[in-house]
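My numbering puts the last residue of the sequence shown at 308; the count rises by one with no breaks. We treat Cβ as the ideally placed atom computed from N, Cα and C, and that holds for glycine. Structure first, then comments.
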Amino acid sequence: MLKIVSVAVFVGMSSCIKAAGTVPAGQIVFFRSFFAIFPIIVFLAFQKKLGTAFSTKRPLNHIARGVVGVCAMGLGFFALTRLPLPEAITLNYAQPLLVVVFSSIFLGEAIRVYRWSAVAVGLVGVLVISWPELTLLSSGAALGDQEVLGVIAALVAAAISAVAMLLVRNLVQSEPTATIVLWFSVTASVLALLSLPFGWQALTPVQAALLVVSGFCGGVAQILMTAAYRHAEASVVAPFEYTSMILGIAVGYLAFGDVPTVHMLIGGLIVVAAGIFIIWRERQLGLERARTRQATPPQG
Numbered sequence: 009m010l011k012i013v014s015v016a017v018f019v020g021m022s023s024c025i026k027a028a029g030t031v032p033a034g035q036i037v038f039f040r041s042f043f044a045i046f047p048i049i050v051f052l053a054f055q056k057k058l059g060t061a062f063s064t065k066r067p068l069n070h071i072a073r074g075v076v077g078v079c080a081m082g083l084g085f086f087a088l089t090r091l092p093l094p095e096a097i098t099l100n101y102a103q104p105l106l107v108v109v110f111s112s113i114f115l116g117e118a119i120r121v122y123r124w125s126a127v128a129v130g131l132v133g134v135l136v137i138s139w140p141e142l143t144l145l146s147s148g149a150a151l152g153d154q155e156v157l158g159v160i161a162a163l164v165a166a167a168i169s170a171v172a173m174l175l176v177r178n179l180v181q182s183e184p185t186a187t188i189v190l191w192f193s194v195t196a197s198v199l200a201l202l203s204l205p206f207g208w209q210a211l212t213p214v215q216a217a218l219l220v221v222s223g224f225c226g227g228v229a230q231i232l233m234t235a236a237y238r239h240a241e242a243s244v245v246a247p248f249e250y251t252s253m254i255l256g257i258a259v260g261y262l263a264f265g266d267v268p269t270v271h272m273l274i275g276g277l278i279v280v281a282a283g284i285f286i287i288w289r290e291r292q293l294g295l296e297r298a299r300t301r302q303a304t305p306p307q308g
């Protein structure tokens with residue numbers, strides 16, 4: 009239940025950003041990151057972890073994660089302001105597929121044929137979603153088309169976000185969740201300010217309010233997601249991430265008049281099926297490893 013609520017709040021965050029219009033990506037990242045700090049601080053104070061949350065022996069690792077995460081976030085928000093809401097959300101599902109690929113390439117993780125097959129099928133789904141824009145791009149007829157640029161930004165954002173996830177995997181081995189979340193929000197806020205000389209725009213009161221709300225939503229959703237993973241196994245919680253496609257279609261249609269295309273629906277279903285299979289397969293492998301450890305007699 010917590011995961012579904014967190015997904016709904018994340019979709020609300022995305023909707024606020026889209027409703028704000030074509031605000032520069034760096035400016036959106038600042039609002040999203042800075043105003044997320046406030047609910048996170050309240051939560052940490054309630055948990056009595058605020059005094060130690062910022063303490064770390066790995067500041068450079070956190071900064072590296074922040075730089076990569078800000079790049080992914082900025083590109084993702086750029087895509088969000090230029091694509092229909094359901095399509096922007098669904099293209100982000102490429103991220104867990106690319107995590108599998110990058111885990112094999114950069115970390116040397118052994119990936120068996122089942123997961124490679126699921127990744128291949130999922131990437132075909134991403135191709136199906138993107139096909140109308142990629143067709144225009146290949147013809148050279150729409151190099152300046154905003155939706156084409158949005159698709160490219162969304163796919164690059166998914167790839168960079170997958171790299172960020174690998175950095176987080178490394179951090180969680182020695183850093184508490186509270187430290188990782190707080191460091192990222194602060195680092196992202198500071199880095200986003202560096203884009204100030206490159207075209208921030210004056211906001212209307214409505215735009216400013218929408219972006220402030222998006223920041224609070226981002227912080228609350230992060231807290232809810234963390235709580236969800238604390239109270240249940242990741243393999244149980246993770247599939248509920250895909251409810252964002254249903255919510256994205258509903259909100260996109262009702263709030264923005266976005267009608268999902270056949271390509272988006274078919275491709276989205278393919279990607280979701282591949283993602284759920286990967287989650288299931290990782291759970292099975294985890295159970296196999298646990299049984300192997302239990303069956304191995306103690307030495308000595």
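How is the alpha helix (DSSP H) around residue i delimited, first residue to last?
{"i": "TRP191", "result": "185-201"}
{"i": "MET81", "result": "67-88"}
{"i": "GLY260", "result": "251-264"}
{"i": "GLN55", "result": "GLN55 -> no alpha helix (DSSP H), and no H or E assigned at all."}
{"i": "MET21", "result": "10-27"}
{"i": "SER63", "result": "It is not in any alpha helix (DSSP H) - SER63 carries neither H nor E in the DSSP assignment."}
{"i": "ALA33", "result": "33-42"}
Mind checking residue i: buried by the 16 CB within 10 Å criterion, or exposed?
{"i": "TRP191", "result": "buried"}
{"i": "LEU219", "result": "buried"}
{"i": "VAL121", "result": "exposed"}
{"i": "PRO213", "result": "exposed"}
{"i": "PHE43", "result": "buried"}
{"i": "ARG123", "result": "buried"}
{"i": "SER182", "result": "exposed"}
{"i": "GLN209", "result": "exposed"}
{"i": "GLY292", "result": "Position check: residue 292 holds Gln in this sequence, whereas Gly was assumed. Exposed is the call here."}
{"i": "LYS56", "result": "exposed"}
{"i": "GLY59", "result": "exposed"}
{"i": "PHE7", "result": "Outside the displayed span of the chain (9 to 308) sits residue 7, for which this structure offers no information."}
{"i": "LEU68", "result": "exposed"}
What three-state label does DSSP hand residue i in the structure shown?
{"i": "GLN154", "result": "helix"}
{"i": "VAL279", "result": "helix"}
{"i": "ALA172", "result": "helix"}
{"i": "ALA217", "result": "helix"}
{"i": "GLU141", "result": "helix"}
{"i": "ILE119", "result": "coil"}
{"i": "ALA102", "result": "helix"}
{"i": "GLY308", "result": "Its pLDDT being 44, under 50, GLY308 is placed unreliably in this model, and the value from its coordinates should be taken loosely. Correct three-state label for GLY308: coil."}
{"i": "ALA210", "result": "coil"}
{"i": "VAL234", "result": "According to the sequence shown, residue 234 is Thr rather than Val. In this structure, THR234 counts as helix in the three-state DSSP scheme."}
{"i": "VAL47", "result": "Looking at the sequence provided, one finds Pro at residue 47 rather than Val. It is helical."}
{"i": "PRO268", "result": "coil"}
{"i": "VAL129", "result": "helix"}
{"i": "LEU91", "result": "coil"}
{"i": "VAL228", "result": "helix"}
{"i": "THR30", "result": "coil"}
Which whole-angstrom value is the C-beta distance of residue i and residue j, which I expect to be below 8 Å?
{"i": "LEU310", "j": "VAL159", "result": "A question about residue 310 goes unanswered here, because the residues of the chain that appear run from 9 up to 308."}
{"i": "VAL203", "j": "GLY29", "result": "Correcting the residue type first, residue 203 is Ser in the shown sequence and not Val. Not a contact, Cβ separation roughly 17 Å."}
{"i": "VAL17", "j": "ALA229", "result": "4 Å"}
{"i": "ALA165", "j": "GLY275", "result": "About 17 Å; that fails the 8 Å criterion."}
{"i": "VAL129", "j": "ILE278", "result": "6 Å"}
{"i": "ILE97", "j": "PHE248", "result": "In fact, because the Cβ distance is near 14 Å, the residues do not count as touching under 8 Å."}
{"i": "LEU232", "j": "LEU88", "result": "At roughly 20 Å, the Cβ-Cβ gap does not stay under 8 Å, so LEU232 and LEU88 are not in contact."}
{"i": "ALA170", "j": "LEU106", "result": "4 Å"}
{"i": "MET21", "j": "CYS225", "result": "4 Å"}
Mind checking whether the beta-carbon of residue i lies closer than 8 Å to any heavy atom of the ligand FAD?
{"i": "VAL37", "result": "As far as ligands go, the structure on display features none, and thus does not contain the ligand FAD."}
Does the contact criterion of 3 or more C-beta pairs under 8 Å hold for the region 38-52 versus the region 163-178? Between the region 38-52 and the region 163-178 there are fewer than three inter-stretch CB-CB distances shorter than 8 Å, so the stretches are not counted as touching.
Contact the region 108-120 vs the region 253-263: 3+ CB pairs below 8 Å: In this structure the region 108-120 does not touch the region 253-263; the number of beta carbon pairs closer than 8 Å is below three.
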